[in-house]
Ligand code: WQD
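Numbering (our numbering), first residue to last: 69 to 405.
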């Protein structure tokens, strides 16, 4: 059985689908502070499985203990649960440190106490900061964190690295996501924005559906092929499958050492204007956008080298920016139906 914390969240629910599709039993622990357990109905429609959610605050160790008491067959934990809004973390840094780090510490303490052998951490390319070394590899050093959210991912990785040194029998993996986007082909699950979306793809779909008046391109004067920022957009179902591959890798005992890091991107960069063009071409919907000033904290360009995940986990991304835009739009249309 695999425990997925934050399993009602965007990446979490897609990962649960992929785990179920690959024969794993799954339980979820999600306080629903930034998610809705109804997303598990979508998971059930896709897979036929009703996943149980423990709606607990993972900062509350005694409340979280029941998960492990009631599920002695947990062999692995995938830890997604965290707050992840960049601007909100700038506005409320101490809440972000308390929530993201205390929940991680609770899960690790319970993992050690109940001797769960495998742990996978949801990390982020934002640990690299504004690196100029492109494409980014797992050996690229941490850069200055652009925000407290990114800092919680850097500190989280360091906590787990020290945890793995102490608990030599545990196997841990840190997965550094680039820019997750898109939705399941069925349009039964997808990204739900709490408040105004900040990330590009949900901003595109909200603009296209009329929920937002227009989209502003944050800067067209960067040193890139069309002046707008470059990112490595990875379809959420490819990202989900990477987690399943990582669980299978750990359970098969293939690790060389007990704390390994993998980049998860598709190894190519797309500019903001190219992403907008891909959406319009794929959906036939014209976007109302304008060119505006740069957004503070944005890095000019970042994209991954994912060869390590390909060679060691046997993982390959199968979808591109067009698949992202098509599925994101189908999910939006279904939500607004
Ligand atoms: C992408 C590009 C914007 C909105 C964030 C987090 C990172 C990770 C992924 C969790 C940028 C441009 C955006 C808009 C725009 N999250 N943009 N107009 O900032 O690369 O990464 O999500 O791990 O931690 O920082 O993603 O989607 O916000 O921006 O022009 O209305 O789209 O300037 O160049 P980002 P994003």
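We put the beta carbon where it would ideally sit given N, CA and C, even for glycine. The structure presented is a predicted model; accordingly, all values stated were derived computationally and were not measured.
Option in 160, 117, 166, 187 with minimal Cα separation from residue 73: For the purposes of this step, residue 73 is taken as the residue at position 5 of the chain shown. Answer by Cα proximity: 187.
Residue burial classification, residue 118 (beta-carbon count within 10 angstroms, cutoff 16): One-based indexing of the chain shown puts residue 118 at position 50. Counting Cβ neighbours within 10 Å, residue 118 comes out exposed, since fewer than 16 surround it.
heavy atom of the ligand WQD below 8 Å from residue 168 C-beta: What you label residue 168 is simply residue 100 of the chain shown in a count that begins at 1. Not so, every heavy atom of the ligand WQD lies at least 8 Å from the Cβ.
Residue 248 - DSSP class collapsed to helix/strand/coil: Residue numbering aside, residue 248 sits at position 180 when the chain shown is read from its first letter. Three-state result, residue 248: strand.
Pick from 144, 215, 126, 210 that is closest to residue 174, judged by C-alpha positions: Numbered from 1 along the chain shown, position 106 holds the residue referred to as residue 174. Out of 144, 215, 126, 210, 126 has the C-alpha closest to the C-alpha of residue 174.
Nearest-angstrom Cα separation, counted from residue 317 out to residue 183: If you number the chain shown from 1, residue 183 lands on position 115. If you number the chain shown from 1, residue 317 lands on position 249. The alpha-carbon atoms of residue 183 and residue 317 are separated by roughly 19 Å.
Span of the beta strand (DSSP E) around residue 328: Counting from 1 along the chain shown, the entry for residue 328 is found at position 260. Start and end: 327–332.
Reduced DSSP category for residue 87 - H, G, I as helix; E, B as strand; rest coil: The count along the chain shown starts at 1 and reaches residue 87 at position 19. Three-state DSSP puts residue 87 in a helix.
The region 281–295 touching the region 234–246, judged by at least three CB pairs closer than 8 Å: no
Whole-number beta carbon distance between residue 302 and residue 107, since they are thought to touch under 8 Å: Residue numbering aside, residue 107 sits at position 39 when the chain shown is read from its first letter. Residue numbering aside, residue 302 sits at position 234 when the chain shown is read from its first letter. About 20 Å; that fails the 8 Å criterion.
heavy atom of the ligand WQD below 8 Å from residue 235 C-beta: Along the chain shown, one-based indexing puts residue 235 at 167. No, since every heavy atom of the ligand WQD falls outside the 8 Å radius drawn around the Cβ of residue 235.
Cutoff 6 Å; reference residue 131; Cβ partners in own chain excluding five residues on either side: Start at 1 with the first residue of the chain shown, and residue 131 comes out as number 63. If we look at residue 131 and ignore the five residues flanking it on each side, its Cβ neighbours are 124.
Pair within 9 Å by beta-carbon distance, residue 314 and residue 381: Stepping through the chain shown from its first residue, residue 314 is reached at position 246. Stepping through the chain shown from its first residue, residue 381 is reached at position 313. In contact: residue 314 and residue 381 (Cβ atoms closer than 9 Å).
Collapsed DSSP secondary structure at residue 286 in the structure displayed: For the purposes of this step, residue 286 is taken as the residue at position 218 of the chain shown. Residue state, collapsed to three classes: strand.
Among 198, 201, 160, 253, nearest to residue 401 - alpha-carbon criterion: Taking the chain shown and counting its residues from 1, the one referred to as residue 401 is at position 333. Per the Cα distances, 253.
Element boundaries [beta strand (DSSP E), containing residue 396]: On the chain shown, residue 396 is found 328 positions in, with the first residue counted as 1. Per DSSP, residue 396 belongs to no beta strand (DSSP E); it is in the alpha helix (DSSP H), 389–404.
Member of 69, 104, 324 whose CA lies at the smallest distance from the CA of residue 87: The count along the chain shown starts at 1 and reaches residue 87 at position 19. Ranking the options by Cα distance to residue 87, first place goes to 69.
Secondary structure of residue 101, DSSP reduced to three states: Here residue 101 refers to the residue found at position 33 when the chain shown is read from its first residue. In this structure, residue 101 counts as coil in the three-state DSSP scheme.
Residue range of the unbroken alpha helix (DSSP H) whose run includes residue 110: Reading the chain shown from its first residue, position 42 is the one you call residue 110. Taken as a continuous stretch (DSSP letters only), the alpha helix (DSSP H) holding residue 110 covers 107–115.
For residue 144, the residue or residues it bridges with in DSSP: Translated into the one-based positions of the chain shown, residue 144 becomes position 76. Bridge partners of residue 144: 70, 186.
Selected residue, minimal CA-CA separation from residue 352, among 100, 397, 143, 238: On the chain shown, position 284 is the one that residue 352 refers to. Of 100, 397, 143, 238, the residue nearest in Cα terms is 397.
Extent of the continuous beta strand (DSSP E) to which residue 360 belongs: What you label residue 360 is simply residue 292 of the chain shown in a count that begins at 1. Where residue 360 is concerned, the enclosing beta strand (DSSP E) stretches over 357–360.
Three CB pairs or more closer than 8 Å across the region 189–200 and the region 135–142: no
Cutoff 9 Å: residue 81 Cβ touching any chain C Cβ: Reference to chain C is not applicable here, since this structure consists of a single protein chain.
Meets three-Cβ-pair contact criterion under 8 Å: the region 384–393 and the region 333–347: yes
With 16 other Cβ atoms within 10 Å as the buried cut-off, status of residue 91: In the chain shown, the residue the question calls residue 91 occupies position 23. By the neighbour-count rule (16 or more Cβ atoms within 10 Å), residue 91 is not buried but exposed.
Of the residues 298, 199, 164, 84, the one placed nearest residue 406, counting alpha carbons only: Since the first residue of the chain shown is 69 and the last is 405, residue 406 is not available in this structure.
Residue 273 vs residue 399 beta-carbon contact at 9 Å: Stepping through the chain shown from its first residue, residue 273 is reached at position 205. Stepping through the chain shown from its first residue, residue 399 is reached at position 331. Yes, Cβ-Cβ distance for residue 273 and residue 399 is below 9 Å.
For residue 353, the three-state DSSP class (helix, strand or coil): On the chain shown, position 285 is the one that residue 353 refers to. Coil.
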